[in-house]
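Enquirer: Encoded as C-alpha cells, here's the structure I'll be asking about.
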Amino acid sequence: MAQLTEDKLDLAPKKFNMWIFIFTSFMFFAALSSGFIVYSGGTGHGINAKMPQAFILSTIIILVSSGTMYMASKAAKGLQFDKQRLYLWLTIGLGVAFFFSQLYSWYVLVSKMGIYFSNPNASQSFIYVFTGMHLLHIIAGLLLLANTLYRSYRNTPQVKNLYNMQMSSIFWHFIDIIWIYLYVFLLLNQY
Amino acid sequence: MSTLAVHDHEVAHHGDDHGHHHKATFLNTYVFSQDHKMIAKQFLITGIIMAVIAMILSILFRIQLAYPDKAFPLMETLLGRFAPGGRLDSNFYLALVTIHGTIMVFFVLTAGLSGTFANLLIPLQLGVRDMASPFMNMLSYWLFLIASIVMLSSFMVQKGPASGGWTIYPPLSALPKAMPGSGMGMTLWLTSMVLFIASQLMGGINYVSTILNMRTKGMDLWKMPLTVWALFLTAVLGVLAFPVLVAGVVLLVFDRSFGTSFYLSDIVLNGSQVQPYEGGSPILFQHLFWFLGHPEVYIVIMPAMGISSEVMSVNSRKPIFGYHAMVYSLIGITVLSFIVWGHHMFVTGMNPFLGGVFMITTLIIAVPSAVKTFNWLATLWRGNIRFSAAMLFAIGMVSFFISGGLTGIFLGNATLDINLHDTYFVVAHFHLVMGSAAIFGMLAGVYHWFPKMYGRLMNEKLGYLHFWLTFIGAYLVFFPMHFMGLDGVPRRYYAFTEFESMKQWLSVNTFVTWAAIISALAQVAFLYNFFHSIFFGEKATQNPWEANTLEWTTPVERIHGNWPGEIPSVYRWPYDYSKPGAEEDFIPQTVPLSQTMSSNLPHDFEDNPAGLEAHAKWVNTQKSNEEVK
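This is the structure in C-alpha cells:
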C-alpha cells in the first residue's frame with residue numbers, strides 16, 4: 001500500500017530528482033578539484049602546508065552524523081517516531097558542530113598558519129573554496145533536515161515522512177562523502 | 192490510507208471537474224502556472240522576445256560594420272551616450288557582440304529551445320500528466336525570466352553591459368577596471384548567468400527524471416519519439432556541464448571581488464599600474480568554460496535535431512530512416528562532446544600532443560553527425576513529401592547543418608586552426624551550424640506544434656515567405672564570412688577602415704549588413720503570424736498533420752492533466768508511416784497490433800512470441816483463403 005501511495009504522489013520521480021541533483025553537485029566539486037589540478041600542474045604552485053588538525057575533528061563529526069542519520073531513517077521505517085526525532089536532532093546538532101569546526105579550521109589557517117584566502121598562490125585559496133562551497137551544501141542539508149524534523153512533529157502521513165527522510169538522508173550522506181573526498185584530495189596535495 | 196483515497200479521486204476525475212479542486216484564477220493559469228504546457232508557452236514567448244532583442248543588437252553592430260565612418264543621428268537619439276555623434280561607441284560595439292552572443296546562445300537557443308519543447312513535448316509525447324516536480328518546473332521559468340531581466344538591465348548601467356565577448360575570458364572579465372564593460376556590466380552578467388544556470392538545472396533535472404520514471408504503459412525507451420530522445424540527452428548534457436561553468440564563474444567572482452589570483456597573473460593596467468596579482472592561470476578559466484561551452488553547443492543543436500527528425504518523418508510520410516542509428520548517434524555526440532573542449536584552445540600554447548588528441552576526438556564527431564545527415568536525407572528520399580512550413584524549416588535545418596558542419600572539419604584541425612582561429616571563418620561556421628540550424632529547428636517546432644500550444648494553426652503562406660527570406664538571407668549573411676576568415680580578418684573588430692588589409696572587405700560587409708536587415712525584416716512575417724494566429728488563426732483539428740505520436744491524441748482544448756480519463760497506452764514505435772498493408776498512411780502509437788493485422792510484419796513481434804504466433808496464424812488463414820478463392 002505504501003508503494004502504491006508513493007506512486008500516486010509521484011514521489012519516486014521526485015526522489016530521482018534528488019539523485020540527479022547529486023550528480024550536478026558532484027560535477028561541481030569534480031570541476032573545482034580538476035581546476036585545482038590544472039592550476040597547480042600548470043603554474044607549479046602547491047599548497048605547501050599541512051592541513052589543520054581541526055579537519056580531523058570535522059571528519060569525525062560528519063562521519064558520526066551519517067551514523068545518526070542512518071539511525072533516524074531506521075527508526076522512521078520502524079514507526080518509532082520519538083527515536084526518529086531524537087536522531088534527527090542529533091544529526092542537526094552534529095551538522096552545526098561540523099559547521100563550526102570548519103570555521104575553526106579557517107581560523108587556524110588564517111591566524112596560526114598564515115594561509116589567506118586572498119593569496120597570490122591560488123592553491124591555498126582553493127582550500128577555502130573547497131571548504132566554503134562544501135559548507136554551502138551543509139547549510140542546504142541542515143535546512144532539509146530541519147524541514148523533515150519540523151514535518152515529523154506535524155501530522156504527516158508516514159509515506160510523506162519516509163519520503164522526507166529519504167530525501168534528506170540521500171543528501172546528507174552525499175555531502176558526508178563529498179567532504180571525505182575533499183579532505184583526502186587536500187591531504188594528497190599538501191606538498 | 193487517506194492520502195491514497197483523496198489522490199485516487201483526483202486522478203480518476205482529472206479533467207472532468209478539475210476546477211473543483213483548485214480554483215483556476217488568472218494568476219495560477221497564466222502567470223504562476225505549474226502546467227507544463229503553459230510553462231512551455233512562457234519559455235517560448237520569453238525566448239522570442241529575447242531573440243528579437245538580440246537580433247536588433249546584431250543589426251546595430253552590422254550597421255557599424257557596413258558604415259564605420261558614417262554618422263546616423265537617429266542612432267544617437269536612440270542610444271544616447273552609447274552612440275555619441277551618431278556613431279557607435281567602440282566599447283558599446285563590443286558590448287553589443289557580447290550580449291548578442293550571450294542572449295542567443297543561452298537565453299534563446301538553450302532556454303527558449305529546450306525550455307519550450309522539453310516542457311511541451313516530454314509529457315505530451317510520453318503520456319504523462321505533468322513533470323516530475325511541477326513546482327520546480329515553474330521555478331525554472333521564473334529564474335529564467337529574472338535572469339533575462341538582469342541581463343537586459345545591464346544596458347541601463349552607466350558603463351554599459353559586459354563586453355569581453357560571450358566567453359568572458361579573464362583577465363579582461365576579472366579586472367573591473369580593464370574596460371568599461373568589465374565593471375558593473377560584468378557583475379550583472381555573472382549574476383544573470385548564475386540564475387540562468389540554476390534555472391536550467393532545475394529544468395534539466397525534471398526532464399531527465401520525467402523521461403526515466405513517468406512514461407505511460409508500453410512506452411519503453413525504444414518507442415520514444417526522437418524528439419524526446421534528443422531532449423533527454425540534451426538535459427543530461429546540461430546537468431553534467433552547467434555545474435562546471437558554475438565552478439568557473441565562482442572562481443571568477445572571487446578574483447573580481449575577493450582579491451584571489453585564480454586566473455590573474457602579472458597584470459599591468461594602462462601601462463603603469465602594476466596589479467598585485469600573481470601566479471594565476473587564465474587558461475584554467477578557458478578549461479572550465481569550454482568544458483561547459485562545448486557541450487553547450489550540442490545542448491543547442493540536439494533539440495533542433497530531434498525536432499527536425501520528427502517533423503521530417505511526419506511530412507515525408509515515411510518512417511525515420513535508421514531510428515536506432517539516430518539514437519546511437521545522439522548518444523555518441525553526447526559522450527564525445529565532453530572530450531573535445533580543447534579544440535577551442537589550440538592556440539593557447541597547448542601541448543601539440545594534447546592538441547592532436549583533441550583534434551582526433553573532434554573529428555570523430557563528424558561520424559555521428561554524418562550518420563544523422565545521411566538518415567535525414569534518406570528519410571526524404573522517395574517520400575510523399577508535404578511541404579508544410581514546418582517541413583521547410585526542418586529541411587533548412589539540415590541544409591545549414593551540412594554547410595556549417597563541413598567547415599567544422601577545417602576548424603577541428605589543430606594546424607589549420609592556427610590560421611583560422613578567431614577569424615570570421617569561425618563566425619561563419621558556428622552561425623551556420625549551431626545558430627541558423629538550431630533556430631530553424633526551433634522554428635520548425637513552433638510551426639509544427641503550434642496547434643498543441645494554442646489550438647490553432649499558423650498561416651502557411653506567411654510561413655513560406657518567412658522561410659524563403661530567412662533561408663536565403665542567412666546564407667547571404669554568413670557565407671561571405673568564410674572568405675573574410677580565410678583572408679585572416681579577425682572577429683569583433685570595430686572598424687575595418689582602420690586596417691589596410693581589411694579595407695577591401697568593406698563592400699562585402701555592406702552587402703552582409705543589407706542581407707541581415709532583410710532577413711531581420713522577414714522575422715516580422717513570423718512575429719505577425721505567431722501572435723495573430725494565437726487569437727485569430729484557423730482552428731486546428733485534433734491531429735492536423737496526421738502524426739502518430741501521443742500528443743495528437745489529446746483533446747484540442749489542452750486541458751490540465753492532458754488526457755481526460757485514462758492515459759492511453761502505447762503499442763508501437765512512433766514512425767509507422769505508409770506501412771504497407773495499412774488502411775491509412777499513418778498508424779498512431781495507441782493502435783494495438785491486433786487492430787492492424789493486414790500491415791503487421793514478423794519484425795513487429797521481436798520480443799513477443801505469442802503475438803508472433805497469432806501473426807503467423809493470421810497469415811496462414813489469409814493464404815488458405817486465397818487458395819479457396
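Same order as they appear, the protein sequences are chains Y and H.
Residue 141 in the working numbering is what sits at position 141 of the first sequence, and the numbering runs on without skipping anything.
Residue 682 in the working numbering is what sits at position 491 of the second sequence, and the numbering runs on without skipping anything.
Beta carbons: idealized from backbone N, C-alpha and C, even for Gly.
1) What separation, rounded to the nearest whole angstrom, lies between the Cα atoms of Val-637(H) and Ile-47(Y)?
2) Hey, would you say Ala-245(H) sits closer than 9 Å to Phe-283(H), going by beta carbons?
3) Secondary structure at Leu-9(Y), three-state DSSP: helix, strand or coil?
4) At the 9 Å Cβ level, is Ser-25(Y) part of the contact set with chain H, yes or no?
5) Only counting the same chain, and skipping five residues up and downstream in sequence, which positions put a Cβ closer than 6 Å to that of Trp-19(Y)?
6) Mind pulling the alpha helix (DSSP H) runs of 4 or more residues that sit fully within the stretch 11–98 of chain Y?
7) Given this structure, state the Cα-to-Cα distance separating Met-788(H) from Gly-756(H), to the nearest angstrom.
8) Do the stretch 476–484 of chain H and the stretch 357–368 of chain H make contact, defined as three or more Cβ pairs closer than 8 Å?
9) How close, in whole Å, do the beta carbons of His-751(H) and Asp-226(H) come, if the pair is a contact with beta carbons under 8 Å?
10) For Arg-406(H), count neighbouring C-beta atoms within 10 Å of its own C-beta (all shown protein chains included) and say buried if the count is 16 or more, exposed if not.
11) Taking all protein chains shown into account, decide if Gly-429(H) is buried (16 or more other Cβ within 10 angstroms of its Cβ) or exposed.
12) With 9 Å set as the bound, which would you pick, yes or no: does the beta-carbon of Asn-17(Y) sit closer than that to a beta-carbon of chain H?
13) By Cβ distance below 7 Å, which residues in the same chain neighbour Val-538(H) in space, the five residues on each side in sequence not counted?
14) Cβ atoms of Thr-598(H) and His-657(H): under 9 Å apart, would you say?
15) Spell out whether any CB of chain H is found under 9 Å from the CB atom of Pro-52(Y).
16) At what residue ranges does the stretch 386–468 of chain H contain a whole run of the beta strand (DSSP E), taking only runs of 3 or more?
17) Answer with yes or no whether the minimum CB distance from Gly-401(H) to chain Y is below 9 Å.
18) Checking the sheet assignment: what are the DSSP bridge partners for Arg-508(H)?
19) Determine whether the Cβ of Lys-14(Y) lies closer than 9 Å to any Cβ atom of chain H.
20) Starting from the beta carbon of Phe-28(Y), find every residue of chain H whose beta carbon is closer than 8 Å, and list them in chain order.
21) Could you check what DSSP says for Ala-203(H) in three-state terms: helix, strand or coil?
22) Name the two residues that bound the continuous alpha helix (DSSP H) containing His-291(H).
23) Of all the alpha helix (DSSP H) runs that stay within the bounds of the stretch 216–278 of chain H, which reach a length of 4 or more residues?
24) For Asp-798(H), count neighbouring C-beta atoms within 10 Å of its own C-beta (all shown protein chains included) and say buried if the count is 16 or more, exposed if not.
25) Could you list which residues in chain Y have their beta carbon closer than 7 Å to that of Asp-430(H), in chain order?
26) Roughly how many angstroms separate the alpha carbons of Ile-247(H) and Thr-289(H), rounded to a whole number?
27) Between the stretch 34–68 of chain Y and chain H, which residues of the former have CB atoms less than 7 Å from a CB of the latter, in chain order?
28) Just reading off the alpha helix (DSSP H) that Asp-608(H) is part of, what are its end residues?
29) By the criterion of Cβ-Cβ separation under 9 Å, what are the contact partners of Asn-119(Y) in chain H?
30) Output needed for Leu-677(H): all residues of its chain with C-beta closer than 7 Å, excluding positions within five of it in sequence on either side, in chain order.
31) Of all the CB atoms in chain H, is at least one closer than 9 Å to the CB of Ala-146(Y)?
32) Between Thr-220(H), Ala-353(H), Ser-339(H) and Met-493(H), which has its C-alpha nearest Thr-418(H)'s C-alpha?
33) Using a cut-off of 8 Å between C-beta atoms, extract the partners of Met-405(H) located in chain Y.
34) Where does Gln-316(H) land, buried or exposed, given buried means 16+ other C-beta within 10 angstroms?
35) Is His-204(H) close to chain Y, meaning its C-beta is less than 9 Å from at least one C-beta of that chain?
Expert: The short version:
1) Counting from 1 along the second sequence, the entry for residue 637(H) is found at position 446. Counting from 1 along the first sequence, the entry for residue 47(Y) is found at position 47. Between Val-637(H) and Ile-47(Y), the C-alpha separation is close to 54 Å.
2) Taking the second sequence and counting its residues from 1, one reaches residue 245(H) at position 54. Taking the second sequence and counting its residues from 1, one reaches residue 283(H) at position 92. It is not a contact, given that the beta carbons lie outside the stated cut-off.
3) Stepping through the first sequence from its first residue, residue 9(Y) is reached at position 9. Note: Leu-9(Y) maps to coil in three-state DSSP.
4) The residue labelled residue 25(Y) in the question sits at position 25 within the first sequence. For Ser-25(Y), the answer is yes, since a Cβ of chain H falls inside 9 Å of its Cβ.
5) The residue labelled residue 19(Y) in the question sits at position 19 within the first sequence. Leaving aside the five residues that flank Trp-19(Y) on each side, none in its chain has a CB nearer than 6 Å to its CB.
6) 11–43 and 54–77
7) Position 597 of the second sequence, counted from the start, is the residue given in the question as residue 788(H). Position 565 of the second sequence, counted from the start, is the residue given in the question as residue 756(H). So the alpha carbons of these two residues sit roughly 28 Å apart.
8) yes
9) In the second sequence, counting from the first residue as 1, residue 751(H) sits at position 560. In the second sequence, counting from the first residue as 1, residue 226(H) sits at position 35. Contact holds; Cβ gap of about 5 Å.
10) Residue numbering aside, residue 406(H) sits at position 215 when the second sequence is read from its first letter. It is buried - the Cβ of Arg-406(H) has at least 16 other Cβ atoms within 10 Å.
11) Residue numbering aside, residue 429(H) sits at position 238 when the second sequence is read from its first letter. With 16 or more other Cβ atoms within 10 Å, it is buried.
12) Taking the first residue of the first sequence as position 1, residue 17(Y) is located at position 17. True, the Cβ-Cβ gap to chain H drops below 9 Å.
13) Here the question's residue 538(H) lines up with position 347 in the second sequence. Cβ neighbours of Val-538(H) beyond the five flanking positions: Asp-608, Ile-609 and His-612.
14) Within the second sequence, numbered from 1, the residue matching residue 657(H) stands at position 466. Within the second sequence, numbered from 1, the residue matching residue 598(H) stands at position 407. No, they are not a contact pair.
15) In the first sequence, the residue the question calls residue 52(Y) occupies position 52. No, its Cβ sits nowhere closer than 9 Å to a Cβ of chain H.
16) Listed in chain order, the beta strand (DSSP E) elements of length 3 or more contained wholly in the stretch 386–468 of chain H amount to none.
17) As a working mapping, residue 401(H) is identified with position 210 in the second sequence. This sequence places Thr at residue 401(H); Gly is not what is there. Interface residue (Cβ-Cβ distance to chain Y less than 9 Å): Thr-401(H) is classified as such.
18) Translated into positions along the second sequence, residue 508(H) becomes position 317. None, per the DSSP bridge assignment.
19) Numbered from 1 along the first sequence, position 14 holds the residue referred to as residue 14(Y). Yes, contact with chain H.
20) Here the question's residue 28(Y) lines up with position 28 in the first sequence. What Phe-28(Y) touches in chain H: Pro-434, Val-435, Val-437 and Ala-438.
21) Indexing the second sequence from 1 puts residue 203(H) at position 12. Below a pLDDT of 50, predicted positions are generally treated as unreliable, and Ala-203(H), at 39, falls in that range; no measurement from the model is reported.
22) By one-based count along the second sequence, residue 291(H) stands at place 100. Looking at the DSSP string, the run of the alpha helix (DSSP H) that includes His-291(H) is 281–293.
23) 227–257 and 264–270
24) By 1-based counting over the second sequence, the position of residue 798(H) is 607. Exposed, by the Cβ-count rule.
25) As a first step, residue 430(H) must be located in the second sequence, where it is residue number 239. First, the amino acid is wrong: residue 430(H) is Val here, not Asp. Result: Ile-20, Phe-23 and Thr-24.
26) Numbered from 1 along the second sequence, position 56 holds the residue referred to as residue 247(H). Numbered from 1 along the second sequence, position 98 holds the residue referred to as residue 289(H). Each residue's alpha carbon lies about 13 Å from the other.
27) Residues of the stretch 34–68 of chain Y that bring their beta carbon within less than 7 Å of a beta carbon in chain H comprise Gly-35, Val-38, Tyr-39, Gly-42, Thr-43 and His-45, in sequence order.
28) Counted from its first residue, the second sequence places residue 608(H) at position 417. In the DSSP assignment, Asp-608(H) falls within the alpha helix (DSSP H) that extends over 605–611.
29) As a position in the first sequence, residue 119(Y) is number 119, starting the count at 1. Neighbours of Asn-119(Y) on chain H, chain order: Gly-450, Thr-451, Ser-452 and Gly-470.
30) Numbered from its first residue, the second sequence carries residue 677(H) at position 486. The residues are Phe-616.
31) The residue you call residue 146(Y) lines up with position 146 of the first sequence. Output row for Ala-146(Y): interface = no.
32) In the second sequence, the residue the question calls residue 418(H) occupies position 227. Of Thr-220(H), Ala-353(H), Ser-339(H) and Met-493(H), the residue nearest in Cα terms is Met-493(H).
33) As a working note, residue 405(H) is residue 214 in the second sequence. Within 8 Å Cβ-Cβ: Asp-10 and Pro-13.
34) Mapped onto the second sequence, residue 316(H) falls at position 125. Buried, by the Cβ-count rule.
35) Along the second sequence, read from residue 1 onward, the residue named residue 204(H) stands at position 13. Confidence at His-204(H) is low in this model, with a pLDDT of 39, below 50, so the placement of that residue should be treated as unreliable; the coordinate-derived value is given next. Chain Y, which has no Cβ nearer than 9 Å to the Cβ of His-204(H), makes this no.
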